[in-house]
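Engineer:
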Amino acid sequence: MTRPVRSKALVYSGQSGRLELMELVIPLLSAGQALVRVDGCTLCGSDLHSLHGRRQVPLPSILGHEIVGTIVEMSDRFPRSDLQNESLHVGDQVTWAIVANCGHCFYCRRGLEQKCENACKYGHMGFDSGHVLSGGLAEYCVLASGTKVIKLPLGVPLEVITPASCATATVMAAFDVLPQPPIEESHIAIIGAGMLGLTACTIAKMRGWKKVVAIDPILEKREMALRFGATESMSPEQWSADFSVNQLYGCDAVIELSGAHSMIVPGLESLRMGGQLVLVGAVFPVPPISLLPERIVRRQLTLRGVHNYRSEHLRMAVEFLTSFGSGFPFADLVSSWHGLSQVESLVQHGLPANVVRVGVKPFA
Ligand SMILES: [Zn+2]
Ligand SMILES: [Zn+2]
Numbered sequence: 026m027t028r029p030v031r032s033k034a035l036v037y038s039g040q041s042g043r044l045e046l047m048e049l050v051i052p053l054l055s056a057g058q059a060l061v062r063v064d065g066c067t068l069c070g071s072d073l074h075s076l077h078g079r080r081q082v083p084l085p086s087i088l089g090h091e092i093v094g095t096i097v098e099m100s101d102r103f104p105r106s107d108l109q110n111e112s113l114h115v116g117d118q119v120t121w122a123i124v125a126n127c128g129h130c131f132y133c134r135r136g137l138e139q140k141c142e143n144a145c146k147y148g149h150m151g152f153d154s155g156h157v158l159s160g161g162l163a164e165y166c167v168l169a170s171g172t173k174v175i176k177l178p179l180g181v182p183l184e185v186i187t188p189a190s191c192a193t194a195t196v197m198a199a200f201d202v203l204p205q206p207p208i209e210e211s212h213i214a215i216i217g218a219g220m221l222g223l224t225a226c227t228i229a230k231m232r233g234w235k236k237v238v239a240i241d242p243i244l245e246k247r248e249m250a251l252r253f254g255a256t257e258s259m260s261p262e263q264w265s266a267d268f269s270v271n272q273l274y275g276c277d278a279v280i281e282l283s284g285a286h287s288m289i290v291p292g293l294e295s296l297r298m299g300g301q302l303v304l305v306g307a308v309f310p311v312p313p314i315s316l317l318p319e320r321i322v323r324r325q326l327t328l329r330g331v332h333n334y335r336s337e338h339l340r341m342a343v344e345f346l347t348s349f350g351s352g353f354p355f356a357d358l359v360s361s362w363h364g365l366s367q368v369e370s371l372v373q374h375g376l377p378a379n380v381v382r383v384g385v386k387p388f389a
């Protein structure tokens, strides 16, 4: 592979729905960096929130953080082995953790590597950071020092594996804070049947949760959830009516993945004694909610936030998609692939409500 000198990239400067296709110089690599050719990047819900101005990102920047690429060049100190201790070579197809961390700051020392004070977060770096080619909506991406890479197994389709580095790994992190399902009548509710929610339904089923209820206002998504391992699916209204009648038999766990602020209080109220609500979806500002502390105390409830993930969750995500990606219809969730020049009009026209993900192939 000859070393490329320029990369086409979609630059977001903060004007809602607008992306400028530019040619940017690919810098010489510093110690610890690598250069990757982007094979595919799926547009995550948070990219769409950013592009519509609902979520703050440093500007200008290149969005896109669910990325699969092929290594083109590795600098001297770029690790020669991946998260599974497999050797890394130019030409390997890889994905990598959304946050490259330093390993020695205050939060890295506390095991919160996604909150590293010296982080490079892919698809979230302003050009003034000096890390310009950090997003997936470009032909090439520069991997920062400290990036945790995983080599991808052959034969897993891009549609299945590309969401691993945000959606799947984040859901793995959410399950990681939950205990194992109780032996008797285990019951989990998944709020939101988008990419994360559908993935959560399959993980819940594979981990032995007996009753897996998916909640989503959109009928097509509720139907999809049943194909991903949910045992029941309900609209938010049906669900609230159901647990207010059957309160003693509420949920052991609820994972909130939609970000809908109206679902947080119902999520807490649906818990049986000792239950846990994990908030994942509210990654943009939502109005405050009121809580009843006495209820939390007397019912011994746990309220927990999970944002992004540690690199071990990416390893688990890739293992999971490799094992179960063909047993469930994950390949159907990325409904279409587009070139860089088509992304702006896609975003401006909005995705239909039943579309879970669209992908970008910069070289297609
Ligand atoms: Zn994401
Ligand atoms: Zn750090």
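Residue numbers for the sequence shown follow my numbering, so the first one is 26 and each next one is one higher. Cβ atoms here follow ideal geometry from the backbone N, Cα and C, with glycine treated the same way. If you're wondering where the values come from, they're calculated on a predicted model, not measured in any experiment.
May I have the straight-line CA-CA distance separating R395 from P310, to the nearest angstrom?
Structural biologist: Missing from the structure shown is residue 395; the chain here goes from 26 to 389 and no further.
Engineer: Relative to ligand 1, is the shortest distance from any of its heavy atoms to the C-beta of C69 smaller than 7 Å?
Structural biologist: It does: the Cβ of C69 is within 7 Å (strictly closer) of some heavy atom of ligand 1.
Engineer: Any heavy atom of ligand 2 within a distance shorter than 7 Å of the CB on C141?
Structural biologist: Yes - ligand 2 has a heavy atom lying nearer than 7 Å to the Cβ of C141.
Engineer: Less than 8 Å separating the beta-carbons of L92 and S32?
Structural biologist: According to the sequence as given, residue 92 is Ile; it is not Leu. Not a contact, by the Cβ cut-off of 8 Å.
Engineer: Just to check, is the beta-carbon of H90 closer than 7 Å to a non-hydrogen atom of ligand 1?
Structural biologist: At least one heavy atom of ligand 1 is nearer than 7 Å to the Cβ of H90, so yes.
Engineer: Confirm, please, whether the CB-CB distance from A194 to A125 is below 8 Å.
Structural biologist: Result no, Cβ atoms of A125 and A194 do not sit closer than 8 Å.
Engineer: With three or more C-beta pairs closer than 8 Å as the rule, is the segment 197-207 touching the segment 337-357?
Structural biologist: Yes, the segment 337-357 touches the segment 197-207.
Engineer: Return the first residue and the last residue of the alpha helix (DSSP H) that Q373 is part of.
Structural biologist: Where Q373 is concerned, the enclosing alpha helix (DSSP H) stretches over 368-374.
Engineer: When every heavy atom of ligand 2 is checked, does at least one fall within less than 7 Å of the C-beta of G132?
Structural biologist: The sequence given here places Tyr at residue 132; Gly does not occur at that position. Result yes, Cβ under 7 Å from ligand 2.
Engineer: Using the C-alpha atoms, what's the distance from I243 back to E262?
Structural biologist: Spanning the two alpha carbons is a distance of roughly 12 Å.
Engineer: Assuming I186 and L108 form a contact by the criterion Cβ under 8 Å, report the distance between their Cβ atoms to the nearest whole angstrom.
Structural biologist: About 14 Å separates the two Cβ atoms, so there is no contact after all.
Engineer: Take every Cβ of the segment 126-135, pair it with every Cβ of the segment 65-73, and state whether three or more of those distances are shorter than 8 Å.
Structural biologist: Output reads no: the segment 65-73 does not touch the segment 126-135.
Engineer: The beta strand (DSSP E) spanning M5 covers which residue range?
Structural biologist: Since the first and last residues shown for the chain are 26 and 389, residue 5 lies out of range.
Engineer: Following a CB-centred definition, is H149 positioned closer than 7 Å to any heavy atom of ligand 2?
Structural biologist: H149: no, Cβ never under 7 Å from ligand 2.
Engineer: Taking the beta strand (DSSP E) that M259 falls in, what are its first and last residues?
Structural biologist: 257-259 is the extent of the beta strand (DSSP E) around M259.
Engineer: Which residue wins for smallest C-alpha separation from H74, given the options T27, L365, E142, A307?
Structural biologist: Closest option to H74, Cα to Cα, is A307.
Engineer: Could you check if C145 belongs to the surroundings of ligand 1, using beta carbon to heavy atom distance under 7 Å?
Structural biologist: Incorrect: C145 has no Cβ contact closer than 7 Å to ligand 1.
Engineer: Spatial neighbours of E45 within its chain, please: C-beta separation below 6 Å, excluding the five flanking residues on both sides.
Structural biologist: V36.
Engineer: Identify every residue that forms a DSSP beta bridge with T327.
Structural biologist: Paired residue(s): Q301.
Engineer: Which residues mark the beginning and the end of the alpha helix (DSSP H) in which E248 is found?
Structural biologist: Taken as a continuous stretch (DSSP letters only), the alpha helix (DSSP H) holding E248 covers 244-252.
Engineer: By how many angstroms is the C-alpha of L293 removed from the C-alpha of V238?
Structural biologist: One C-alpha to the other measures close to 15 Å.
Engineer: Just reading off the alpha helix (DSSP H) that M150 is part of, what are its end residues?
Structural biologist: No alpha helix (DSSP H) holds M150; DSSP gives it neither H nor E.
Engineer: Starting from D72, trace the alpha helix (DSSP H) in both directions and tell me its first and last residue.
Structural biologist: Run containing D72: 70-76, per the alpha helix (DSSP H) assignment.
Engineer: Return the Cβ separation of I96 and D72 in integer angstroms, given the expectation that the two are a contact with Cβ distance under 8 Å.
Structural biologist: So it is not a contact: roughly 24 Å between Cβ atoms.
Engineer: With distances taken between CB atoms, is the gap from L296 to L326 smaller than 8 Å?
Structural biologist: It is a contact, given that the beta carbons lie within the stated cut-off.
Engineer: Would you say N333 touches ligand 2, meaning its beta carbon is less than 7 Å from a heavy atom?
Structural biologist: No, the beta carbon of N333 sits no closer than 7 Å to any heavy atom of ligand 2.
Engineer: Near C226, what residues of its chain come up, given a Cβ to Cβ distance below 7 Å and the 5 sequence neighbours on each side ignored?
Structural biologist: Once the five neighbours on either side are set aside, the close Cβ partners of C226 are I215, V237, A239, A250, F253, G254, A255.
Engineer: Could you give the distance in angstroms between the alpha-carbon of G151 and the alpha-carbon of V381?
Structural biologist: About 27 Å.
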